[in-house]
Each structure stands twice: as structure tokens, then as C-alpha cells.
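Read through the structure below, which is laid out as C-alpha cells, and then see the notes.
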Amino acid sequence: YGNTDFVIKFKNEFIKIIENSIINQQHYKIKSSVGAGNWANIPWIAIFDKLVTETAQNGYYPVYLFCEDMNGFYLSLNQGVTEVSKNYKKDKKQVLKVRAENFRAKLNVKDDFNIKDIDLKITNSQLPAKLYEYGNIYAKFYDAQNIPSSEKLIEDLNYMLELYQQLVFNDND
């Protein structure tokens, strides 16, 4: 836990691989977090369409969310939870779930991307990262013991970006 090699790989290599895999790179901004000062319970790498958002705090975007136990990760179309936390004093979970359901209604998704409920194996249910579970729109899970080929991961990422663009398009009409 807090493995320096992983952090370096996460911040550098993973992001470069993602950048090199994206069609229309200039359209997107990629950000990651392994925590500020402390190791994050849920490290993430997000891909933002600059027309929608450039921050993980609001809007919606594809994001790789790593489970707290590091036994796997999700490629999730998710929502910025900070804005919801600020604007809603109670029922944040319900707000995120309702919004996720609303977004789902605007998308047609392949079977292997239709996970609606994600479990990030968070041990402390009071952590703000717990809200990512409720903000999930659609996701695909990858087991750390059985990660597919780079080609498959890139194909999945580009499919998720297509879904993202479908949502951007359908959300603005």
C-alpha cells in the first residue's frame, strides 16, 4: 500500500498509454490522483471532454477507479461528486443514483459495459470516495489477476469515449 513504484507508474506510464490511445487527444484533458500528500483510498485516472468539464468535481466523464484493496479496477462513466456534495446537504447518494439513472436512459450500451453498481471495496463508508459508487453510470470491471491485453484495454477505452460522446450529444438536446 502506498507503493512508490506503482505511484510513479500510475502518474507517468499509465497516463502516457491513455494519451496515446485516444483519438482526438486535443479534445480531452487527462488527470489522475493517488491522493494529495496521503495515499488515496481510491486512486483514479479521469478523461475529461473539455466542453463538459476539466475537473473531477463536476459534470461526468470516463474514469479508471482502482479498488481500495487493489484487486481490480473499473473503467467507469461517472459523475463529479464534489459539486453534488456541495449543492445537496442530504440524500447525496440518492441524488447521484437518480442522475446516473437519467444518464443511462440516454445511452445504448454493450453488455460487457453495463455494470450499474460498482464496489470499490472501501473499508470506511464515510469517505467521500464512497460517492463514486453511487455516481457510476456504466462500468466495466477488470480483475487485477486477469488484466486483458493492451489492445483490448485501448479498444475498451475508445468504446467508453464513444459512450461519453453519445451522452454529451444526447444530454444537450
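Residues in the sequence shown are numbered consecutively from 2, following my numbering.
C-beta atoms are modelled at their ideal positions from N, C-alpha and C, and glycine is treated no differently.
These numbers come from a predicted model, not from an experiment.
Could you check if residue i is buried or exposed, using at least 16 other CB atoms within 10 Å of its CB as the buried criterion?
| i | result |
| --- | --- |
| L156 | Reading the sequence as shown, one finds Glu at residue 156 and not Leu. With fewer than 16 other Cβ atoms within 10 Å, it is exposed. |
| P63 | buried |
| D118 | exposed |
| K90 | exposed |
| P149 | exposed |
| N79 | buried |
| I24 | exposed |
| V99 | exposed |
| E14 | exposed |
| L52 | exposed |
What are the residues that DSSP puts in a beta bridge with residue i?
| i | result |
| --- | --- |
| Y160 | In the DSSP output, where bridge partners are listed per residue, Y160 has none listed. |
| I31 | I48 |
| Y62 | N79 |
Quick check: what's the CA-CA separation for residue i versus residue j?
| i | j | result |
| --- | --- | --- |
| N21 | L66 | 20 Å |
| K131 | N115 | 20 Å |
| N147 | E102 | 30 Å |
| K153 | I138 | 21 Å |
| Q127 | N159 | 33 Å |
| V169 | Y143 | 25 Å |
Note the first and the last residue of the continuous alpha helix (DSSP H) segment covering residue i.
| i | result |
| --- | --- |
| K17 | I16 to S22 |
| E55 | Counting along the chain, E55 falls outside any alpha helix (DSSP H), and DSSP gives it neither H nor E. |
| K131 | K131 to G136 |
The beta strand (DSSP E) spanning residue i covers which residue range?
| i | result |
| --- | --- |
| K141 | Y139 to D144 |
What beta strand (DSSP E) runs, 3 residues minimum, are completely inside the region 64-128?
Correct list: 73-80.
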